[in-house]
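Note sheet for the following structure.
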Amino acid sequence: MFEIRMESVGDEAAVRHVIEQAFARKNEADLVDALRDSGDFIISLVALHDGQIVGHVLFSPVRIELSKTTKQAIALGPVAVLPDYQRQGIGGQLIEKGLQACRENGFTIAVVLGHPTYYPRFGFVSAKPLGIRWEHDVPAEVFMVMPLTDNALAGVTGVVKYHPAFNGV
Numbered sequence: 029m030f031e032i033r034m035e036s037v038g039d040e041a042a043v044r045h046v047i048e049q050a051f052a053r054k055n056e057a058d059l060v061d062a063l064r065d066s067g068d069f070i071i072s073l074v075a076l077h078d079g080q081i082v083g084h085v086l087f088s089p090v091r092i093e094l095s096k097t098t099k100q101a102i103a104l105g106p107v108a109v110l111p112d113y114q115r116q117g118i119g120g121q122l123i124e125k126g127l128q129a130c131r132e133n134g135f136t137i138a139v140v141l142g143h144p145t146y147y148p149r150f151g152f153v154s155a156k157p158l159g160i161r162w163e164h165d166v167p168a169e170v171f172m173v174m175p176l177t178d179n180a181l182a183g184v185t186g187v188v189k190y191h192p193a194f195n196g197v
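Counting from 29, one number per residue, gives the positions in the sequence shown under our numbering.
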């Protein structure tokens with residue numbers, strides 16, 4: 029059985045370990061540290077098994093630059109699970125709980141840059157056909173968007189700008 033809770037002070041080293049193990053590099057762990065240190069509002073959840081942190085997901089604010097205004101949204105990622113605990117549904121549970129926390133905190137749109145066969149199961153769809161694109165060129169199928177409330181995407185077209193820390197990943 030796994031427990032999911034908000035990241036707490038003192039979890040940082042264990043979260044970093046999970047991310048480094050899951051990605052087999054430190055770039056994503058550095059990103060999470062930078063976002064945490066930025067002071068921007070983030071939703072950071074951990075999954076525990078027998079008191080040990082075995083999974084993590086981060087959601088951080090982004091903005092969608094529309095023609096005349098800017099709309100706030102939330103970006104999912106990274107999500108990481110220790111290799112020995114992968115393929116047990118932990119990542120999916122973290123994402124579901126995280127998306128619910130995003131809704132509860134007033135976010136209406138979520139975006140993700142990720143695997144095009146994994147994230148649609150949560151409700152994400154390709155952003156490009158909706159007129160929403162990432163500030164960098166990526167294949168259309170890997171940049172996705174999801175409304176967190178009814179009609180959240182109505183009239184929303186523009187460029188999504190992530191925190192500058194994402195440029196280092």
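Ideal placement from N, C-alpha and C gives every residue a C-beta, glycine not left out.
A quick note: this is a predicted structure, and the numbers were derived from the prediction, not measured.
Segment limits, beta strand (DSSP E) that includes residue i
i: Leu104; result: 98-109
i: Arg33; result: 31-34
i: His143; result: From DSSP, His143 is part of no beta strand (DSSP E); its letter is neither H nor E.
i: Val74; result: 71-77
i: His84; result: 80-93
i: Ala188; result: Correcting the residue type first, residue 188 is Val in the shown sequence and not Ala. Start and end: 186-189.
Residues that residue i bridges to, as DSSP identifies them
i: Ala138; result: Ile102, Met174
i: Ser66; result: None, per the DSSP bridge assignment.
i: Val153; result: Val173
Start and end residues, alpha helix (DSSP H) containing residue i
i: Ile123; result: 118-132
i: Val46; result: 40-51
Buried/exposed call for residue i, threshold 16 Cβ in 10 Å
i: Ala57; result: buried
i: Ser88; result: buried
i: His84; result: buried
i: Phe171; result: buried
i: Met174; result: buried
Integer-rounded CB distance, given that residue j should sit under 8 Å from residue i
i: Ser154; j: Glu169; result: 6 Å
i: Ala75; j: Gln121; result: 7 Å
i: Gly186; j: Glu93; result: 5 Å
i: Ile81; j: Val107; result: Not a contact, Cβ separation roughly 13 Å.
Do the segment 98-114 and the segment 136-148 touch if we need at least three Cβ pairs shorter than 8 Å? Flag = yes, the segment 98-114 and the segment 136-148 touch.
For the segment 57-70 against the segment 143-151, are there 3 or more C-beta pairs whose distance is under 8 Å? Output reads no: the segment 143-151 does not touch the segment 57-70.
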